[in-house]
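Peer 1: With full-length UniProt numbering applied, the sequence shown corresponds to residues 1 to 433, in that order. Cβ coordinates follow ideal geometry from the N, Cα and C atoms, glycine included. Since the structure is predicted, the reported quantities are computational estimates derived from the model, not experimental observations. Provided herewith is a single structure, encoded as structure tokens, for subsequent inquiry.
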Amino acid sequence: MELVYSKYNTIINYKEYYLLFNTLRKELLVLDYFLKELIESVQHYNNSEELHKIHSEFYEILENKKFLVSKTENELEIAESYINSTNSDTSHYKLIINPTMNCNFKCWYCYETHIKDSKMDNNIIEKISKLVSNILANNGLRSFELSFFGGEPFLYYKKVILPILEITSKICREKEINLSVSFTTNGYLLTTEIVNQIREYGSIVNYQITLDGDEHEHDKVRFVSKNKGSYREIVNNIKIVAENNNIVTLRINYTKSNFSSIMNILKDFEDISQNIKDNITISLHKVWQEEFKANENEYEKIKNRIKVLGFKMPDSLMVDAVKYSCYADKKNHATINYNGDVYKCTARDFNKDNIEGTIDDLGNIIWNSRNDYRNETRLLNKPCRECFLLPMCAGGCSQHALEHGLRNKEYCVHDFNEENKKQFVLEYLENVL
């Protein structure tokens, strides 16, 4: 049987060694220069039999770990099947709900159009209750995530969030389905009473709460009034949430003007105990509207300080964009806007052009042609089909594929840069090495 170099192999320089990694099978070999030259010879000259003569032991390792595969093996088909099966998992469902598109802040970089007086009415709440009941009727479902987004969801905690939480929790208990609850919120409206009440409904409760620099910088962006900021209240609420055994993702949005203040944020959390810190993951995000690149040395100092203080940071393994693909890529996901319109991606404006479905009176989602196109175009981008990174990248999220497909334009989320792709792999491997 003739063996060839797997199309999903890549070789990365790492210190004095070379890392041979297969993105489809997640196999890794650490090579010296001699072995690296041998495998590159197979790649360039398609002479695996020659390698077998020179170094049979190395050849057998490469064969067993599938760095060398049969010439007749359709690896692209295997990769596509893996990606599709991951995104078609029916054991879990994630439902995102926007109780409102209004907000109590007006952050300058927010991409959403805030709609004053927008609020989910009782008719839509009833439709969502029926939708939840329909979803949870699936006998193969093991877990359900109910997530609230917006707008600021806690503007309508009692009128929207609580009724939906109550019905969902009741059905999940009856059917023994694990319920997790999550919120993307600015955190200002949280209270101890609300946090304690929500804790009763979900076995896991997650909050993503954002700060925009230290108190001085944050209060320039998120203020209650001309003379009143929000930083101190939000920091206190983050601590309340974490102290109640909830999971908190503290997202720090940084810009050129507030980057140097991040260390001051960390000082404001030094007073909490380690068991509370264990509930907090700190995630750094550059505000995308700014052309600013953080100083790498300063960035590393901040990351190290976060770890020294005992906080978590996002897992590097999650760069695997297939295994940890975006919820919008999943078949078992929907985002319901306050008016009943259905979307997939929450990183785009909730306007008419982006609608992908509606809910009928029986609680069924009627998907439209935009959603059909999203599902059809995911793996059609030619550069992706020819790329070694496909099994870990899948061309980025389905939103990329949708938007570029509508323009009939080839794309690469790594800018067609081979070094960027290898850096992507290296970030994944740093947790393995």
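Could one say the Cβ of S325 lies closer than 8 Å to chain B's Cβ atoms, at least one of them?
Peer 2: Included in the structure is just one protein chain, with no chain B present.
Peer 1: Between L19 and L38, is the Cβ-Cβ spacing less than 8 Å?
Peer 2: Translated into positions along the sequence shown, residue 19 becomes position 19. Translated into positions along the sequence shown, residue 38 becomes position 38. No, these two residues do not count as a Cβ contact at 8 Å.
Peer 1: When you compare the CB positions of I177 and L141, do they come within less than 8 Å of one another, or not?
Peer 2: As a working mapping, residue 177 is identified with position 177 in the sequence shown. As a working mapping, residue 141 is identified with position 141 in the sequence shown. A contact, by the Cβ cut-off of 8 Å.
Peer 1: Tell me which same chain residues have a C-beta within less than 6 Å of the C-beta of G363, skipping the five on either side of it?
Peer 2: Taking the first residue of the sequence shown as position 1, residue 363 is located at position 363. Correct list, in chain order: K127, K130, L131, N134.
Peer 1: Candidates S230, I204, N206: which alpha carbon is nearest H216's?
Peer 2: Position 216 of the sequence shown, counted from the start, is the residue given in the question as residue 216. Minimum Cα distance to H216 is reached at S230.
Peer 1: How would you write the range of the beta strand (DSSP E) that T358 sits in, first residue to last?
Peer 2: The residue given as residue 358 occupies position 358 in the sequence shown. First-last of the beta strand (DSSP E) with T358: 357-359.
Peer 1: I'd like the list of long-range same chain contacts for A294, defined as Cβ closer than 8 Å, with 5 residues on each side in sequence excluded.
Peer 2: As a first step, residue 294 must be located in the sequence shown, where it is residue number 294. These residues qualify, in order along the chain: Y254, F259, K286.
Peer 1: Can the beta-carbon of A394 be found less than 8 Å from the beta-carbon of S325?
Peer 2: Here residue 394 corresponds to residue number 394 of the sequence shown, with the count starting at 1. Here residue 325 corresponds to residue number 325 of the sequence shown, with the count starting at 1. Yes. Within cutoff.
Peer 1: In the DSSP assignment, what are the bridge partners of H92?
Peer 2: One-based indexing of the sequence shown puts residue 92 at position 92. For H92, the pairing in a beta bridge is given by DSSP as S143.
Peer 1: With H, G and I counted as helix, E and B as strand and the rest as coil, what does DSSP make of D372?
Peer 2: Position 372 of the sequence shown, counting from 1, holds the residue named residue 372. Here D372 sits in helix by DSSP.
Peer 1: Find out if the Cβ-Cβ distance for the pair D214, S261 is shorter than 8 Å.
Peer 2: Your numbering for residue 214 matches position 214 in the sequence shown. Your numbering for residue 261 matches position 261 in the sequence shown. Yes, the Cβ-Cβ distance between D214 and S261 is below 8 Å.
Peer 1: Find the nearest neighbour of F371 within the set A347, K330, L426, L28, judged by alpha-carbon distance.
Peer 2: Sequence index remark: in the sequence shown, residue 371 carries index 371 (1-based). Correcting the residue identity first, residue 371 is Asn in this sequence and not Phe. Selection A347, K330, L426, L28 evaluated against N371 yields K330 as nearest (Cα-Cα).
Peer 1: Quickly, what does DSSP pair D341 with across the bridge? List them, please.
Peer 2: On the sequence shown, residue 341 is found 341 positions in, with the first residue counted as 1. According to DSSP, which records beta bridges pairwise, D341 is partnered with T358.
Peer 1: Given that a residue counts as buried once 16 or more other Cβ atoms are within 10 Å of its Cβ, and exposed if not, what is R378?
Peer 2: On the sequence shown, position 378 is the one that residue 378 refers to. R378 should be labelled buried.
Peer 1: To the nearest angstrom, how far is the alpha carbon of N245 from that of K65?
Peer 2: Position 245 of the sequence shown holds residue 245. Position 65 of the sequence shown holds residue 65. N245 and K65: Cα-Cα distance of roughly 42 Å.
Peer 1: Using DSSP bridges, identify the partner residues of S70.
Peer 2: The count along the sequence shown starts at 1 and reaches residue 70 at position 70. Answer by DSSP bridge pairing, in chain order: L3.
Peer 1: Since I believe L28 is in contact with N104 (beta carbons under 8 Å), could you give me their beta-carbon distance rounded to a whole number of angstroms?
Peer 2: Along the sequence shown, one-based indexing puts residue 104 at 104. Along the sequence shown, one-based indexing puts residue 28 at 28. The pair is not a contact, with the Cβ atoms about 48 Å apart (cut-off 8 Å).
Peer 1: Would DSSP call Q274 helix, strand or coil?
Peer 2: Within the sequence shown, residue 274 is the residue found at index 274, counting from 1. Three-state DSSP puts Q274 in a helix.
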